[in-house]
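Residue numbers (UniProt numbering): 1 to 201.
Each residue gets a CB set at the ideal place from its N, CA and C atoms; glycine is no exception.
Here is the structure we will look at.
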């Protein structure tokens, strides 16, 4: 955490704006720890939480939008050939495709919480020509939820950040499974209600 603290000391709000933008272009940057620590700094009064949320949202959204248009313009062959130079390996491509085949648009929202997948989601959405309007609605709402989750979490739990990330690392897939189940239940609640009423009647 010390080097993240040094970054904020030198560059302030630019850390989340530029750092998250670079992360979603697929350059290595620890998004979650940085957001959580920024939230902790806002709790101490060093930074403003609303400004952090706004700038983090902008950086993430611009990065994901760049991914989409680059993937749409250059296509899969280019990404497969040159993606390795920005850590977009064939394994990550295959994993993202598997998740897309399973969850479709829903993946775009939950991908922010899936290590190794979110950095390629925008590229893949562009490559397979998902309609931009629907992509944008999903990605921007997901971005806002993701940055707010870690910033507000850091704001309230900042003094225990290292322990929290250790716990998250141990239980990340359980957490993701819970998020998926809750979201699917919310999304299909009308169908579920209809099926239950049909059986009762």
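Residue 146 sits buried, since 16 or more C-beta atoms from the chains shown fall within 10 Å of its C-beta. Fewer than three pairs of CB atoms, one per stretch, sit closer than 8 Å, so the segment 46-54 makes no contact with the segment 67-82.
Rounded to whole angstroms, the gap between the alpha carbons of residue 124 and residue 152 is 30 Å. Here residue 27 is exposed: its Cβ has fewer than 16 other Cβ atoms, across all protein chains shown, within 10 Å. Membership of residue 72 in the alpha helix (DSSP H) is indicated by the continuous run 49-82.
A distance of 9 Å or more separates the beta carbons of residue 58 and residue 148. The segment 14-30 makes contact with the segment 63-70; the number of CB pairs closer than 8 Å reaches 3 or more. The C-alpha of residue 33 lies about 23 Å from the C-alpha of residue 89. With 16 or more neighbouring CB atoms inside 10 Å of its own CB, residue 40 falls in the buried class. Between residue 15 and residue 38, the C-beta gap is smaller than 9 Å, which places the two residues in contact. Around the beta-carbon of residue 67, 16 or more other beta-carbon atoms lie within 10 Å, marking it buried.
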